[in-house]
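Colleague: Counting in our numbering, the sequence shown runs from 1122 upward without gaps.
Input: one structure, supplied below.
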Amino acid sequence: MNTFSINPDSPWLAPLAGYSDLPFRLLVKQYGCAVGCSEMVSVKGLAFKNMATRRILATCPEDTPMVLQLFGSEAQFFEPVMEKLLGMGMRNFDLNAGCPVRKVLKSGSGVKLMEDLGKLVNLASIMVSKAAEHPDGGRVGIKFRLGFNKGENVYIDLAKRLEDVGVDWVTMHPRYGKQMFAGAADWTKLALLKQAVSIPVIGSGDLFTAESGVRCIEETGIDAIMFARGALYDPSIFARYIALKNGTKIPVRDGSFLSEIVLKHIRLTKEYEGDERSFKKIRSIIPRYAKGLKGIRALRSSLLECRNWEELEKAATVIAQLKPVDNTHGDTDVDVICQ
Ligand SMILES: Cc1cc2nc3c(=O)[nH]c(=O)nc-3n(C[C@H](O)[C@H](O)[C@H](O)COP(=O)(O)O)c2cc1C
1122 MNTFSINPDS PWLAPLAGYS DLPFRLLVKQ YGCAVGCSEM VSVKGLAFKN MATRRILATC
1182 PEDTPMVLQL FGSEAQFFEP VMEKLLGMGM RNFDLNAGCP VRKVLKSGSG VKLMEDLGKL
1242 VNLASIMVSK AAEHPDGGRV GIKFRLGFNK GENVYIDLAK RLEDVGVDWV TMHPRYGKQM
1302 FAGAADWTKL ALLKQAVSIP VIGSGDLFTA ESGVRCIEET GIDAIMFARG ALYDPSIFAR
1362 YIALKNGTKI PVRDGSFLSE IVLKHIRLTK EYEGDERSFK KIRSIIPRYA KGLKGIRALR
1422 SSLLECRNWE ELEKAATVIA QLKPVDNTHG DTDVDVICQ
């Protein structure tokens, strides 16, 4: 089904440049992720048929519902690119107005758009009117922060204007652009945003565990949450969140459970990408999943010796035998990985 409803029982995977690729989205769907966002893709790159963007556009029926995240700032490229994407069968779109990395800011995109709300709203309205041309009705969300500079709280004004031009949902990571990932995400602002608009509000920011996801929904009243770094450390965070909400049994995060996750991720990567680049990438990701188990150092060096997919799968099965360092109660231990 390519449709979705935005509600607290349906956690999303956040857009994660370098990580929320097709194999990862398929992996987290197996653990209860309701909607997976793609990595951000450049509108200008798409306009000029940049080959690097092709991998980001990869999808398949099991990937639905998927939201394709665009970034860009030049209005003239949005219409033809949206047309092209609709022609490829894409239906759900998001615009990145929150990325604070220098390269993106330099092009006037990402959170830089929050300094020119007129421009941002115009881009959103182009996306909305083009998405409406999808035979089953396309949908558009905008993902933003509180504002560009610290203290510039433009998010409520912005969200109201986005609602007026027909945006279907908004997602907010409640930090300022200049803050990057420093300090804490201010969930109280999510509550204020929820009260200010009638379209669904999705929250992102410091959702490192299932518990924090449930707490964020309870404290803010927002419609849904999006796991980002929490999912990178524990792709089963979605299942934990749903179990916690429903009061059902939360899976134990032991070696054999983690080994199953790793093997699934390796097999999905091999099946849907399968090249040298993706081999090296998954090999570097695996130790992160085994965090909290004894023997990661030995695991890391055995992984580095792997030269093909079969060896990688064999090395990953060792995780099943590793014992936890301590009882983490199923929580993920999240270091800061920032873009
Ligand atoms: C490695 C990495 C890549 C990210 N890439 C994107 C992106 O492409 N688009 C986007 O809107 N946000 C991106 N983000 C921001 C996340 O979607 C999310 O809003 C942010 O990490 C806050 O959530 P968290 O504290 O629960 O991780 C990225 C974050 C990280 C850590």
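In this text, a Cβ means the ideal position worked out from N, Cα and C, and glycines have one as well.
1. Using a Cβ-Cβ cutoff of less than 8 Å, which residues in the same chain neighbour S1141 once the five nearest sequence positions on both sides are dropped?
2. Grouping DSSP H, G and I as helix and E and B as strand, with all else coil, what is K1412?
3. Just to confirm the assignment, what range does the beta strand (DSSP E) spanning N1171 have?
4. Below 6 Å, is the gap between the Cβ of E1332 and the nearest heavy atom of ligand 1?
5. In or out: T1309 buried (at least 16 other Cβ within 10 Å) or exposed?
6. Assign T1449 to one of three DSSP states: helix, strand, or coil.
7. Going by other Cβ atoms of all chains shown within 10 Å of its Cβ, with 16 needed for buried, is Q1442 buried or exposed?
8. Within the same chain, show all residues whose beta-carbon is closer than 7 Å to that of K1415, passing over the 5 residues directly before and after it, in chain order.
9. By DSSP, does C1459 sit in helix, in strand, or in coil?
10. With a Cβ-Cβ cutoff of 7 Å, do A1245 and V1288 count as a contact?
11. On the three-state DSSP scale, how would you describe R1374?
12. When you measure from the CB of G1219 to every non-hydrogen atom of ligand 1, does any distance come out below 6 Å?
13. From L1137 to D1215, what distance separates their C-alpha atoms?
14. For the beta strand (DSSP E) containing M1347, name the first residue and the last one.
15. Can R1350 be considered in contact with ligand 1, in the sense that its beta carbon sits closer than 6 Å to one or more heavy atoms?
16. Excluding the five sequence neighbours on either side, which residues of its own chain have a C-beta within less than 7 Å of the C-beta of E1195, listed in chain order?
17. Look at L1379 and I1440 and say whether their C-beta atoms are less than 7 Å apart.
18. To which residues of the same chain is C1427 closer than 7 Å at the C-beta, ignoring the five residues directly before and after it?
19. Could you have a look at I1320 and say whether DSSP puts it in helix, strand or coil?
20. Could you pull the DSSP bridge partners for K1264 from this structure?
21. Kindly identify the DSSP beta-bridge partner or partners of M1187.
22. Decide if R1212 is buried, meaning its Cβ has at least 16 other Cβ atoms within 10 Å, or exposed.
23. Taking only three categories from DSSP, how would you classify V1162?
24. For my contact list, P1295 and A1306 are in at a C-beta cut-off of 8 Å; report their separation, rounded to the angstrom.
25. What did DSSP end up calling F1329 once you bin it into helix, strand or coil?
26. Using a beta-carbon distance below 7 Å, is L1147 in contact with chain D?
27. Quick one: is C1181 buried, meaning 16 or more other Cβ sit within 10 Å of its Cβ, or exposed?
28. Contact between the region 1319 to 1335 and the region 1391 to 1402 is defined here as three or more beta-carbon pairs at a separation below 8 Å; is this criterion met?
Modeller: This is what the structure gives:
1. Shown here for S1141: same chain residues with a beta carbon closer than 8 Å to its own, the five before and five after excluded, namely L1134, A1135, G1157, C1158, S1159 and E1160 in chain order.
2. Coil at K1412, not helix or strand.
3. Looking at the DSSP string, N1171 is not in any beta strand (DSSP E), and its letter there is neither H nor E.
4. no
5. When all chains shown are included, T1309 counts as exposed.
6. For T1449, the predicted model reports a pLDDT of 48, less than 50, meaning its position is unreliable; a value from the coordinates is still stated below. If DSSP states are grouped into helix, strand and coil, T1449 belongs with coil.
7. exposed
8. Result list for K1415: L1443, K1444 and V1446, in chain order.
9. Below a pLDDT of 50, predicted positions are generally treated as unreliable, and C1459, at 41, falls in that range; the measurement from the model is reported next regardless. Of the three classes helix, strand and coil, the one that applies to C1459 here is coil, per DSSP.
10. Yes, the pair counts as a contact, with Cβ atoms nearer than the cut-off.
11. coil
12. At least one heavy atom of ligand 1 is nearer than 6 Å to the Cβ of G1219, so yes.
13. 13 Å
14. Where M1347 is concerned, the enclosing beta strand (DSSP E) stretches over A1345 to F1348.
15. yes
16. The residues K1165, in chain order, have a CB closer than 7 Å to that of E1195 in the same chain once the five nearest residues on each side in sequence are set aside.
17. yes
18. Once the five neighbours on either side are set aside, the close Cβ partners of C1427 are R1404, L1433 and A1436.
19. coil
20. N1217 and T1292
21. In DSSP, M1187 forms a bridge with G1157.
22. buried
23. strand
24. 5 Å
25. coil
26. Absent here is chain D; the protein component of the structure consists of one chain.
27. Exposed.
28. They do not touch, by the three-pair rule.
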